[in-house]
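Engineer: Quick one: the structure is below, and I'll ask about it shortly.
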Amino acid sequence: MESTFPKRSQQNPIHHLVSSPPPPLSRRSSIPPTPHLTSPLPPPKQSTTEKGKEILPATAIKGAPPLMKINVRGSTMVRPAEETPRVRLWNSSLDLVVPRFHTPSVYFFRRGEAAAAEGGSYFDGERMRRALAEALVPFYPMAGRLAHDEDGRVEIDCNGEGVLFVEADAPGATVDDFGDFAPTMDLKRLIPTVDYTDGISSFPILVLQVTHFKCGGVALGVGMQHHVADGFSGLHFINSWADLCRGVPIAVMPFIDRTLVRARDTPAPSHPHVEYQPAPAMLASEPPQALTAKPAPPPTAVDIFKLSLSDLDRLRSQLPKGEGAPRYSTYAVLAAHVWRCASLARGLPAEQPTKLYCATDGRQRLKPSLPKGYFGNVIFTATPLAEAGKVTGSLADGAATIQSALDRMDNGYCRSALDYLELQPDLSALVRGAHTFRCPNLGLTSWVRLPIHDADFGWGRPVFMGPGGIAYEGLAFVLPSASGDRSLSVAISLQAEHMEKFRKMIFDF
């Protein structure tokens, strides 16, 4: 039976991930009630498309062939292997203030000697699909669709319609062609596109693509709807799927009840919650009467910068030492450096307000702590706000500003945030997007404590995992090294002219 899932568009894939077309390219261009159980859902048959081919246009992969051709072997809508509960799953406010698209990420795997001896079984599609169907039984919201309740609030209809699984070949490309794995348009082509034009119930919550390269290596592209899971929960699912694929049972079962993350019966926020206030705008450089039509957004560029352990030690050496000197986390120090470099590269005047968005996991901050397998979004945001003159001053000043904001993120602050969100008349007005992170502001999300390299499907761990694209200018990610050498990489999107200056500053310390 042929799948009813829309065919993958041959338009630029980023067009489906944001609400407006991408800017011109540079070298690296971006862009409650308890759930109600009705009836069990029997496991329907899997539906598969006929084998088809698709050729995607290429941009400049470092060292890549002039045209990256991707042949799609086939697409399958994989459904749970067993009966799953028919649930309309309530979403907490934290599930609703996240970006509305599928979060893109990509894993790269190299084919070692042991895997080569297995012949054609390397990343065998049938084996992966069987394990995926098994994983969807306990993680059944992943197989559902978004929907609206009677009040128009977004919820998850756990109807078991399945997730999209695509198998493809890139016969002219190798893993090495992707260089340092900067989250360019080329990485986004390794993830199935999503068509949002037919409403929120029309597309899968999860889309997956396994792409085989001529070198024998493989990429696994993941697009996961953010209303359903944050990074921690998303990785819980992917790593559990990988465990099942190599014959290991799921270590921690998901806990699926989001009513644990709700406001108090009588909401009483005790903090102003600057994280949900509008981001500072650029100070006007011209009188209002001189401004005419809104200019087109400037072109953006993405890049990735690896800081070795030695680099990080040299950076920390700039901080005060000795007895009584303040202590800062590695994140606070690195974030201060990135914020400083970005502010200097952007040429922000000293009096320009700038806000840094730092995502933090609330699982251990909330008291009592959430169950280990809690499945959903539990992201709270620490938001240091300062004038650019302070940010571009000493590293210690920036680190102190960031550390102070992070230290405030305790149970009281997080509970206050839930109460604050409960009192808002329209949560959609608080959803972050391009307006949040663009100049003069910045978002820096750390994946360092996430198990991003644990997805071993039976053929070895990934050599890289990171974002498959950066949707917004001013958004950045901190990534740990797959080799365990304690280096950290910063993947960032900036205006193209600012990126040229940022490249010169990031290692200048």
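With our numbering, the residue at position 384 of the sequence shown is 587, and numbering never jumps. Built from N, CA and C at the ideal position, the CB exists for glycine as well. No experiment lies behind these values; they were computed from the predicted model shown.
Check whether the Cβ atoms of Glu-625 and Glu-590 lie closer than 8 Å to each other.
Structural biologist: In the sequence shown, residue 625 corresponds to position 422, counting from 1. In the sequence shown, residue 590 corresponds to position 387, counting from 1. No.
Engineer: Could you tell me the boundaries of the beta strand (DSSP E) in which Gln-428 lies?
Structural biologist: Reading the sequence shown from its first residue, position 225 is the one you call residue 428. Element bounds for Gln-428: 421 to 428.
Engineer: So, does the segment 281 to 292 touch the segment 337 to 357, judging by three or more C-beta pairs under 8 Å?
Structural biologist: yes
Engineer: State the Cα-Cα distance for the pair Phe-680 and Trp-650, rounded to the nearest angstrom.
Structural biologist: Numbered from its first residue, the sequence shown carries residue 680 at position 477. Numbered from its first residue, the sequence shown carries residue 650 at position 447. Distance between the alpha carbons of Phe-680 and Trp-650 is about 7 Å.
Engineer: Go through its chain and collect everything with a Cβ distance to Lys-575's Cβ below 6 Å, but skip five positions before and after it.
Structural biologist: Walking along the sequence shown from the start, residue 575 turns up at place 372. Hits under 6 Å: Val-455.
Engineer: Give the range of the alpha helix (DSSP H) segment to which Phe-368 is assigned.
Structural biologist: Taking the first residue of the sequence shown as 1, we reach residue 368 at position 165. Looking at the DSSP string, Phe-368 is not in any alpha helix (DSSP H); the run it does join, the beta strand (DSSP E), is 366 to 373.
Engineer: State the Cα-Cα distance for the pair Pro-268 and Pro-407, rounded to the nearest angstrom.
Structural biologist: For the purposes of this step, residue 268 is taken as the residue at position 65 of the sequence shown. For the purposes of this step, residue 407 is taken as the residue at position 204 of the sequence shown. Low local confidence applies: a pLDDT of 43 at Pro-268 is under 50, so the model's placement there is unreliable, and no value is given.
Engineer: On a Cα-Cα basis, can you pick out the residue from Gly-646, Gln-698, Leu-633, Asn-294 that is closest to Leu-537?
Structural biologist: Locating residue 537 in the sequence shown gives position 334, counting from the first residue. If we check each option's Cα against that of Leu-537, Gly-646 comes out closest.
Engineer: Taking Tyr-399 as the reference, give the member of Gln-428, Pro-481, Ala-484 with the closest Cα.
Structural biologist: The residue labelled residue 399 in the question sits at position 196 within the sequence shown. When only C-alpha atoms are compared, the closest one is Gln-428.
Engineer: Across which residues does DSSP place Leu-647 in a beta bridge pair?
Structural biologist: For the purposes of this step, residue 647 is identified with residue 444 of the sequence shown, where counting begins at 1. Ala-679, per the DSSP bridge assignment.
Engineer: What is the DSSP secondary structure of Ile-695, counted as helix, strand or coil?
Structural biologist: Looking up residue 695 in the sequence shown gives position 492. Three-state result, Ile-695: strand.
Engineer: Which runs of the alpha helix (DSSP H), 4 residues or longer, sit entirely within the segment 587 to 634?
Structural biologist: 591 to 594, 598 to 610, 614 to 625
Engineer: Within the same chain, show all residues whose beta-carbon is closer than 8 Å to that of His-351, passing over the 5 residues directly before and after it, in chain order.
Structural biologist: Counting from one through the sequence shown, the residue named residue 351 turns up at place 148. Listed in chain order, the non-local C-beta contacts of His-351 below 8 Å within the same chain comprise Val-357, Glu-358, Ile-403, local neighbours out to five positions each way being set aside.
Engineer: Anyone know if the C-beta pair for Ser-308 and Met-668 falls short of 8 Å?
Structural biologist: Walking along the sequence shown from the start, residue 308 turns up at place 105. Walking along the sequence shown from the start, residue 668 turns up at place 465. Yes, the Cβ-Cβ distance between Ser-308 and Met-668 is below 8 Å.
Engineer: Which residue marks the beginning of the alpha helix (DSSP H) containing Thr-533, and which one marks its end?
Structural biologist: Walking along the sequence shown from the start, residue 533 turns up at place 330. Segment 533 to 548, the alpha helix (DSSP H) holding Thr-533.
Engineer: Could you pull the start and end residues of the alpha helix (DSSP H) that Cys-448 belongs to?
Structural biologist: The residue you call residue 448 lines up with position 245 of the sequence shown. Where Cys-448 is concerned, the enclosing alpha helix (DSSP H) stretches over 434 to 448.
Engineer: DSSP three-state call for Leu-522: helix, strand or coil?
Structural biologist: Sequence index remark: in the sequence shown, residue 522 carries index 319 (1-based). Coil, per DSSP.
Engineer: Across which residues does DSSP place Asn-274 in a beta bridge pair?
Structural biologist: Walking along the sequence shown from the start, residue 274 turns up at place 71. Answer is Asp-372.
Engineer: Please classify Pro-457 as buried or exposed, where buried requires at least 16 neighbouring CB atoms within 10 angstroms.
Structural biologist: As a position in the sequence shown, residue 457 is number 254, starting the count at 1. It counts as buried.
Engineer: Excluding five sequence neighbours on each side, which residues of the same chain lie with their C-beta closer than 7 Å to the C-beta of Pro-498?
Structural biologist: Counted from its first residue, the sequence shown places residue 498 at position 295. Closer than 7 Å at the Cβ level, and outside the excluded window around Pro-498, lies no residue.
Engineer: For Asp-688 and Lys-704, what's the separation of their Cα atoms in angstroms?
Structural biologist: Residue mapping note: residue 688 aligns to position 485 of the sequence shown, counting from 1. Residue mapping note: residue 704 aligns to position 501 of the sequence shown, counting from 1. Going from the Cα of Asp-688 to the Cα of Lys-704 covers about 28 Å.
Engineer: Find out if the Cβ-Cβ distance for the pair Cys-448, Arg-330 is shorter than 8 Å.
Structural biologist: Sequence index remark: in the sequence shown, residue 448 carries index 245 (1-based). Sequence index remark: in the sequence shown, residue 330 carries index 127 (1-based). Yes. Within cutoff.
Engineer: Examine the Cβ distances between the segment 501 to 511 and the segment 377 to 392 and report whether three or more of them are shorter than 8 Å.
Structural biologist: yes
Engineer: Quick one, which of Pro-643, Thr-595, Gly-579 has its alpha-carbon nearest Gly-434's?
Structural biologist: Position 231 of the sequence shown, counted from the first residue, corresponds to residue 434. That would be Gly-579, whose Cα lies nearest to the Cα of Gly-434.
Engineer: For Asn-644, tell me which candidate among Val-594, Phe-583, Ala-632, Ala-685 has the shortest Cα-Cα distance.
Structural biologist: In the sequence shown, residue 644 corresponds to position 441, counting from 1. If you compare the alpha carbons of Val-594, Phe-583, Ala-632, Ala-685 with that of Asn-644, the shortest gap goes to Val-594.
Engineer: Compute the Euclidean distance between the alpha carbons of Glu-286 and Ala-562, then round it to the nearest angstrom.
Structural biologist: Residue mapping note: residue 286 aligns to position 83 of the sequence shown, counting from 1. Residue mapping note: residue 562 aligns to position 359 of the sequence shown, counting from 1. In a straight line, the C-alpha of Glu-286 is about 36 Å away from that of Ala-562.
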